[in-house]
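Protein chains in written order, with the numbering used here: chain A, 1 to 492; chain B, 493 to 984.
Note that beta-carbon positions come from the ideal geometry of N, C-alpha and C, so glycine has one too.
2 protein chains.
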Amino acid sequence: MDYLDKKDLSEVKLLDAANYPKKGNVANKVREDIDELIKELGITDGSSISFHHHLRNGDRVLMNVMSAVQRAGIKDITVVSSSIFPTHEGLVELMEDKTVTNIVASYISGPVGEAISHGKLSGNVIMQSHGGRARAILNEEVKIDFAFIGSPSSDNRGNISGVNGENSCGAMGYAIADAMKAKVVVSVTDSLMKYPNFPADITEDYVDYVLLVDSIGLKSGIVSGTTMITKDPVGLKIAKDTLDAMVATGLVKDGLSFQTGAGGISLAVADFLKEYMVKNEITGSFASGGITGYLVEMLEMGLFEALYDVQCFDLKAIESLQKNPNHLRMSGSQYGNPEVSNVVDNLDIVILGATEIDTNFNVNVTTGSHGMLMGGSGGHQDTAFGSKVSIIVSKLFSSRIPFIKDRVDVITTPGNTVDILVTERGISVNPLRTDLIEKFKEAKVDIIDIHDLKKYAEDIMGTPKKIEKTGKIVGLSQSRDGSILDYIYEVK
Amino acid sequence: MDYLDKKDLSEVKLLDAANYPKKGNVANKVREDIDELIKELGITDGSSISFHHHLRNGDRVLMNVMSAVQRAGIKDITVVSSSIFPTHEGLVELMEDKTVTNIVASYISGPVGEAISHGKLSGNVIMQSHGGRARAILNEEVKIDFAFIGSPSSDNRGNISGVNGENSCGAMGYAIADAMKAKVVVSVTDSLMKYPNFPADITEDYVDYVLLVDSIGLKSGIVSGTTMITKDPVGLKIAKDTLDAMVATGLVKDGLSFQTGAGGISLAVADFLKEYMVKNEITGSFASGGITGYLVEMLEMGLFEALYDVQCFDLKAIESLQKNPNHLRMSGSQYGNPEVSNVVDNLDIVILGATEIDTNFNVNVTTGSHGMLMGGSGGHQDTAFGSKVSIIVSKLFSSRIPFIKDRVDVITTPGNTVDILVTERGISVNPLRTDLIEKFKEAKVDIIDIHDLKKYAEDIMGTPKKIEKTGKIVGLSQSRDGSILDYIYEVK
Numbered sequence: 001m002d003y004l005d006k007k008d009l010s011e012v013k014l015l016d017a018a019n020y021p022k023k024g025n026v027a028n029k030v031r032e033d034i035d036e037l038i039k040e041l042g043i044t045d046g047s048s049i050s051f052h053h054h055l056r057n058g059d060r061v062l063m064n065v066m067s068a069v070q071r072a073g074i075k076d077i078t079v080v081s082s083s084i085f086p087t088h089e090g091l092v093e094l095m096e097d098k099t100v101t102n103i104v105a106s107y108i109s110g111p112v113g114e115a116i117s118h119g120k121l122s123g124n125v126i127m128q129s130h131g132g133r134a135r136a137i138l139n140e141e142v143k144i145d146f147a148f149i150g151s152p153s154s155d156n157r158g159n160i161s162g163v164n165g166e167n168s169c170g171a172m173g174y175a176i177a178d179a180m181k182a183k184v185v186v187s188v189t190d191s192l193m194k195y196p197n198f199p200a201d202i203t204e205d206y207v208d209y210v211l212l213v214d215s216i217g218l219k220s221g222i223v224s225g226t227t228m229i230t231k232d233p234v235g236l237k238i239a240k241d242t243l244d245a246m247v248a249t250g251l252v253k254d255g256l257s258f259q260t261g262a263g264g265i266s267l268a269v270a271d272f273l274k275e276y277m278v279k280n281e282i283t284g285s286f287a288s289g290g291i292t293g294y295l296v297e298m299l300e301m302g303l304f305e306a307l308y309d310v311q312c313f314d315l316k317a318i319e320s321l322q323k324n325p326n327h328l329r330m331s332g333s334q335y336g337n338p339e340v341s342n343v344v345d346n347l348d349i350v351i352l353g354a355t356e357i358d359t360n361f362n363v364n365v366t367t368g369s370h371g372m373l374m375g376g377s378g379g380h381q382d383t384a385f386g387s388k389v390s391i392i393v394s395k396l397f398s399s400r401i402p403f404i405k406d407r408v409d410v411i412t413t414p415g416n417t418v419d420i421l422v423t424e425r426g427i428s429v430n431p432l433r434t435d436l437i438e439k440f441k442e443a444k445v446d447i448i449d450i451h452d453l454k455k456y457a458e459d460i461m462g463t464p465k466k467i468e469k470t471g472k473i474v475g476l477s478q479s480r481d482g483s484i485l486d487y488i489y490e491v492k
Numbered sequence: 493m494d495y496l497d498k499k500d501l502s503e504v505k506l507l508d509a510a511n512y513p514k515k516g517n518v519a520n521k522v523r524e525d526i527d528e529l530i531k532e533l534g535i536t537d538g539s540s541i542s543f544h545h546h547l548r549n550g551d552r553v554l555m556n557v558m559s560a561v562q563r564a565g566i567k568d569i570t571v572v573s574s575s576i577f578p579t580h581e582g583l584v585e586l587m588e589d590k591t592v593t594n595i596v597a598s599y600i601s602g603p604v605g606e607a608i609s610h611g612k613l614s615g616n617v618i619m620q621s622h623g624g625r626a627r628a629i630l631n632e633e634v635k636i637d638f639a640f641i642g643s644p645s646s647d648n649r650g651n652i653s654g655v656n657g658e659n660s661c662g663a664m665g666y667a668i669a670d671a672m673k674a675k676v677v678v679s680v681t682d683s684l685m686k687y688p689n690f691p692a693d694i695t696e697d698y699v700d701y702v703l704l705v706d707s708i709g710l711k712s713g714i715v716s717g718t719t720m721i722t723k724d725p726v727g728l729k730i731a732k733d734t735l736d737a738m739v740a741t742g743l744v745k746d747g748l749s750f751q752t753g754a755g756g757i758s759l760a761v762a763d764f765l766k767e768y769m770v771k772n773e774i775t776g777s778f779a780s781g782g783i784t785g786y787l788v789e790m791l792e793m794g795l796f797e798a799l800y801d802v803q804c805f806d807l808k809a810i811e812s813l814q815k816n817p818n819h820l821r822m823s824g825s826q827y828g829n830p831e832v833s834n835v836v837d838n839l840d841i842v843i844l845g846a847t848e849i850d851t852n853f854n855v856n857v858t859t860g861s862h863g864m865l866m867g868g869s870g871g872h873q874d875t876a877f878g879s880k881v882s883i884i885v886s887k888l889f890s891s892r893i894p895f896i897k898d899r900v901d902v903i904t905t906p907g908n909t910v911d912i913l914v915t916e917r918g919i920s921v922n923p924l925r926t927d928l929i930e931k932f933k934e935a936k937v938d939i940i941d942i943h944d945l946k947k948y949a950e951d952i953m954g955t956p957k958k959i960e961k962t963g964k965i966v967g968l969s970q971s972r973d974g975s976i977l978d979y980i981y982e983v984k
């Protein structure tokens, strides 16, 4: 502020009374025609446009907006979407006609991933973790020109709530960084509420326009009615052994903080943990991440004091977020941005899945069979790094491709942050964690060298064929701190 | 992001596995010795240090920190405090020895204001509105090096809650911009809570250090047990006439949004409004601002759907914020930052006080008798600008100085945003508001020209003596949008 350094304030010019700002000129933010809005915004070739994925496979916002961009003849867009699902198949056509040339995402499944793997994106794909995405947006490594925020409800001033409206999705943590940093922020909604709309996940001070559309999504694709524990006996054995491993770490005690995904085995772990905590009268501190009804139940039973919710996986989580003051919203940055203090750094134990793991404990959740892009880190990298103990749970034989390799196809999560692997044929501990190996000995929990596990699998399934690639690099697997962990190759 | 423009991604260097970020190195943020912390932070001469005023006249944080800065021999500090109270008298000594050379604030009362008016600050004072402060911090017009945030409660990671802890103050809206933009953020607390501390006004991702102190303040100075309606019959007459004026505007109907201060007459207006809304079965939209028990009562009676709370004025407001989900927190920016969409722009009616008003309806709440600095805009400028109708309530004869002048001593709020003046001798309407003059005619509410009101007062009290000033300018009254409305002069 220049005024502070002025020796003689009489040099400062006073505003003439005739030029005082006049009251009563509040601009109307509401728009109803998406094509008109695209024109009004002045989106140019080469712009970046961001979306969030809280509406998941029910989302109709991304394609609605990008189709309008295509109709306007705008080219060379970078799509910055926290995730991309099969419902976004229409993007493939936009890649082919060069409406979209770059994609930045934390997870890509379905036809868009396949098209990228087949070299249909003329630019590049950058795969980030959830925390890495927030970091890159907030520190402006990724610049967003226009953020279109799918809003289950919004008022005319742009107060956005994820728990109100027909297509409620609950927490909206991944959209916060976009709202804070995009040059222009558009709330896209099918439920215009009376002012003030609350509780607001994003408040009006971050929103420039409110675009009314017929539908932001299909409720059926947004949340599953319930998330389900595995009934498969092999999966249940893995979950039971995982609980033993958790107990062996010494962390399952009062104050435990815990995260688990929504996969069948991971949920079974939560269920076994619940029993154990009840039986042993343990009260945990918090559970975090994408939240399911199972964690809500544990909160309501008093097994955790709070939930930190970045996205809701099912209806029960949304209901809980709406009514339970101990069910807390968090932004993607608060969740896992490595450049700030974040929730994952306070985690004791995280339970994670994997598509592949290698003998250095590197995990791939980015590409699948044949090296096809069909996933991404999401919070995998973030929680593996932040937690005191990260545990990968997986069957050795869940698909026709081998699970343990010498080197994963793509490094999503570096092996030095992955501590334990639990399979139906035994538990491996990362040799870097001599402390855990000692604890497992004390607790009389058997462990097996990961090389032996690999050999066991190969004896049964044979050595894997090498994935056939063209040698052309189509994208990068980025570390949450910004450095590049691996290439993603074009597939033949 | 450079990676997006790369034609050949093989040029991108992969991170070597040996350099993968290692888990488990979370730094301890907690400090217990303020002098050691000042050294560790490396505060240098010329730094800017910010504070919030939610602990009001009970605050012990500002002097605790600034005394340590003085002990460290650091000079030429710019103090950016949302307000300064009599309890901060110790700053005068720090002005004299040039520890502090500039002050930026929204309100200054007590010895510090007097010392500034007597020229004891070797630099300048900049007086901003609450919304203008948030604007200036967020757009980096005012750069904050170190924010010391008085925290009624904090956990070891810096999750700050204003409703927990012995010295709870409720909402902490004025500290949000500081937390977001300061280079270093210190949570100063006397109540270290278990992680996670919630509901958090400021989350850990914005906090770098947690400083434990014996006491952040004196509860008695932080909030009054109850805020009180005036019992003075003159004040009550003004309040009653104000309600008539409000009704005449046509805005007192379903959906009404309303703000009023905590002064005795303003609260009486709220009380009359309550009766009127009950009798006429009117349901308002929201009330906003600093929140008192009177507004809480109206919320609980269903007369408003929500409260937007930037600071709590009494215990009842704090209790309500803690338990009522319709009692919403807002940041200073969301409240009144003119560079974003904000709550005051949605206000129908605001009731405000004034130290002086002039015949152009300019209001002074910055200086008092003899031109001494003893106040400031707070939200005055913001709400006068944002509201459809702003109403000044005041007695004509409340002190020995005249209330209506040809030109106020310092313009705090420009006259073109001030619409109605209600005094015990009549109601004046700003001639710019021909629409309101018409409505008052229709409603048969008498109005009087402000020049006639002035003459009436002068006939009784005589013409005011001119305030004696030295001609030296010690500070500036800044408009919420950044331009300068007026000078603040040294007083003889």
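Inside the stretch 569–651 of chain B, DSSP marks whole alpha helix (DSSP H) runs of 4 or more residues at positions 583–588, 603–609, 622–630, from first to last along the chain. Taking CB atoms only, residue 26/A has a neighbour in chain B less than 8 Å away. Taking C-alpha positions only, residue 371/A is separated from residue 566/B by approximately 60 Å.
For residue 730/B, the enclosing alpha helix (DSSP H) stretches over residues 725–740.
A straight-line Cα-Cα distance of about 40 Å links residue 608/B and residue 208/A. Distance from the CA atom of residue 693/B to the CA atom of residue 936/B, rounded to whole angstroms, is 47 Å. If one requires a minimum length of 4 residues, the alpha helix (DSSP H) runs lying completely within the stretch 785–854 of chain B are 785–792, 807–815, 824–828, in chain order. Under the 10 Å beta carbon count, residue 817/B is surrounded by fewer than 16 other beta carbons and is classified as exposed. Distance between residue 386/A and residue 696/B, taken at the CA atoms: about 15 Å. Among the CB atoms of chain A, one or more fall inside 8 Å of the CB of residue 502/B. Contact annotation: residue 637/B and residue 576/B have beta-carbon atoms that are not nearer than 8 Å. Put simply, of 751/B, 756/B, 947/B the residue whose alpha carbon is nearest the alpha carbon of residue 791/B is 751/B. With its beta carbon at least 8 Å from every one in chain A, residue 531/B lies outside the interface. Counting other Cβ atoms within 10 Å of its Cβ, residue 821/B reaches 16 or more and is therefore classed as buried. Identification of chain A residues near residue 973/B by a Cβ-Cβ cut-off of 7 Å yields 21, ordered along the chain.
In chain order, 686, 687, 688 make up the part of chain B whose C-beta sits under 8 Å from the C-beta of residue 285/A. What residue 631/B touches in chain A, judged by beta-carbon distance under 9 Å, is nothing: the nearest beta carbon there is about 11 Å away. Counting C-beta pairs with one atom in each stretch, the stretch 291–310 of chain A and the stretch 226–235 of chain A have three or more that are closer than 8 Å, which means they touch. Assigned with DSSP and collapsed to three states, residue 270/A falls in helix. The beta carbon of residue 649/B sits closer than 8 Å to some beta carbon of chain A. Taking CB atoms only, residue 306/A has a neighbour in chain B less than 8 Å away.
Cβ proximity to chain A below 8 Å picks out nothing from the stretch 657–683 of chain B.
The C-beta separation of residue 121/A from residue 108/A comes to about 11 Å, leaving the pair out of contact by the 8 Å criterion. Residue burial is scored here from C-beta neighbours: residue 182/A has at least 16 other C-beta atoms within 10 angstroms and is therefore classed as buried. Within its own chain, the residues whose Cβ lies closer than 7 Å to the Cβ of residue 714/B, once the five positions on either side in sequence are excluded, are 547, 548, 550, 659, 661, listed in chain order.
Residue 934/B and residue 158/A have their C-alpha atoms roughly 36 Å apart. When the Cα atoms are used, residue 461/A and residue 402/A turn out to be separated by approximately 7 Å.
At a C-beta separation below 8 Å, residue 639/B has no neighbours in chain A, since its nearest C-beta there lies roughly 15 Å away.
For residue 944/B, the closest alpha carbon among the candidates 777/B, 585/B, 896/B is that of 896/B. By a beta-carbon distance limit of 8 Å, residue 129/A contacts residue 382/A. Their separation comes to about 5 Å. Three or more beta-carbon pairs separated by less than 8 Å are not found between the stretch 800–819 of chain B and the stretch 841–858 of chain B, which leaves the two stretches without contact. Closer than 8 Å to the CB of residue 803/B there is not a single CB belonging to chain A. Judged by DSSP secondary structure, residue 713/B falls within the alpha helix (DSSP H) whose first and last residues are 711–714. Contact of residue 414/A with chain B by beta-carbon distance below 8 Å involves 509, 512, 513. Between residue 865/B and residue 939/B, the C-beta gap is not smaller than 8 Å, which leaves the two residues out of contact. Residue 970/B places its beta carbon 8 Å or farther from that of residue 611/B.
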